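These notes concern the structure reproduced below.
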Amino acid sequence: MIHIVPKPTDTPDDNSTGAVIRELERADARCRVLDLGVIDPLNSGLENELVWVCGIRQDGHQFETLSVLSLHNQVINTPESIVTCASKVMTSALLLRNGIRTPETAYMRSETQAREFLLRHGKVVYKPLYGFDGNGIRLVEKPDDLGPGPWYLQEYVPNDRDFRVFVLGGEAVGAITRVSEGLMHNIHQGGIGTAVPIDEEMRAIAEASASAVGIDYCGVDLLRDREGYTVLEVNGTPNWHCMAAPIPKLLAAYLIERRREMRA
Ligand SMILES: Nc1ncnc2c1ncn2[C@@H]1O[C@H](COP(=O)(O)OP(=O)(O)OP(=O)(O)O)[C@@H](O)[C@H]1O
Ligand SMILES: [Mg+2]
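Encoded structure:
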């Protein structure tokens, strides 16, 4: 049995969980929806099961419940990797440690240091540490616009589009570019997504990023400048909007394979 934690943001018109469930059913895999709101992980009755997390509410209760479940079950993505990706600073640290190109980034509480970082770069991007869908991201060009700390600040990389690469089981399987007039090209912010081929440099940097955070599958966000691609973040509960690759089918096959390995 594959136990599925549905994405909280699913809607009838945009149902990521439903798309994968359809593929699992098509492949005759047994699955059921697991509601983290009604289980007690200390008394869940789940052991040696595969739990697939399509999405998660970013709150302590859901993270803790999944972590406890992962003691006796295989959770994909692992709660640790979801937590790592939820933190932009932890993701930055792992990218740096693995020598993966990412814009210059700083995380600090000292306003003097934040002002210095801004002066050095002229233009920086402020991001909430646990942000998603572009929420709360803003361009900062004047010290007075820094707002309250602590600050996760990144040098501004001039661009007119970004890229999202879907990596599954260590392999880049799909990519889109997102274009918009504004700073953020996220589809939730009005960006238009179009499928693009995966070039070799894109493949290498996306696969290295997934490996750096140690995750089964993810969406790697990239920008491109004169020197090539640079990684913004790794999404641990990614959408696959506008991908040409059959992501739900690939994900279902991946989960079925992991389940089979558990039984072997
Ligand atoms: N350093 C940067 N320079 C220029 N633009 C940036 C930079 N960082 C982010 N952006 C723009 O803002 C968008 C959102 O940034 P990012 O992907 O880091 O966070 P997020 O959108 O909140 O996360 P998620 O992809 O999970 O929704 C990027 O896709 C890009 O368009
Ligand atoms: Mg992003």
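Just so we're aligned, residue -13 is where the sequence shown starts under our numbering, counting upward by one. For every residue, glycine included, the Cβ atom is placed at its ideal position computed from N, Cα and C. If you're wondering where the values come from, they're calculated on a predicted model, not measured in any experiment.
Check                                                                                                         : Outcome
Per-residue DSSP class, three states only, for F118                                                           : coil
Check: D146 C-beta below 7 Å from any heavy atom of ligand 2                                                  : no
Member of V75, E33, I68 and C71 whose CA lies at the smallest distance from the CA of L55                     : E33
DSSP three-state assignment for N221, whether helix, strand or coil                                           : strand
Three or more C-beta pairs below 8 Å linking the region 69 to 88 and the region 207 to 218                    : yes
8 Å Cβ cutoff, A190 in contact with chain E                                                                   : Of the chains in the structure shown, none is chain E; there is only one protein chain.
M69: first and last residue of the uninterrupted alpha helix (DSSP H) it sits in                              : Note that residue 69 corresponds to Val in the displayed sequence, not to Met. P65 to A72 is the extent of the alpha helix (DSSP H) around V69.
Cα-Cα separation between G135 and L104, rounded to whole angstroms                                            : 14 Å
Inter-stretch contact at 8 Å, needing at least 3 Cβ pairs: the region 9 to 29 / the region 238 to 246         : yes
Cα-Cα separation between L125 and E97, rounded to whole angstroms                                             : 17 Å
Span of the alpha helix (DSSP H) around G177                                                                  : Element bounds for G177: n/a, residue is neither H nor E.
For T64 and V199, believed in contact at Cβ under 8 Å, the rounded distance                                   : Wrong, their Cβ atoms sit about 10 Å apart, outside the cutoff.
Under 8 Å between C-beta atoms of R189 and R164                                                               : no
Other residues of its chain near H171: CB distance less than 7 Å, five sequence neighbours each side excluded : R147, D148, R164, V165 and G177
Whole-angstrom C-beta distance between G222 and H174, which should lie under 8 Å                              : Not a contact, Cβ separation roughly 17 Å.
Exposure of G179, with buried meaning 16 or more beta-carbon neighbours within 10 Å                           : buried
Heavy atom of ligand 2 within 7 Å of L218 beta-carbon                                                         : yes
Where I191 sits in the DSSP three-state scheme                                                                : helix
Nearest candidate by alpha-carbon position, reference I(-12), set V39, L80 and M94                            : V39
Cβ pair A181, I162 closer than 8 Å                                                                            : yes
Delimiting residues of the beta strand (DSSP E) encompassing H(-11)                                           : I(-12) to V(-9)
Where the alpha helix (DSSP H) through L236 begins and ends                                                   : I233 to R249
Closer than 7 Å: E141 CB and nearest ligand 1 heavy atom                                                      : yes
Same chain only: Cβ atoms within 7 Å of C204, ignoring 5 sequence neighbours per side                         : C71, V153, A196, V220, N221, G222 and P224
CB of V159 within 8 Å of CB of L139, strictly                                                                 : no
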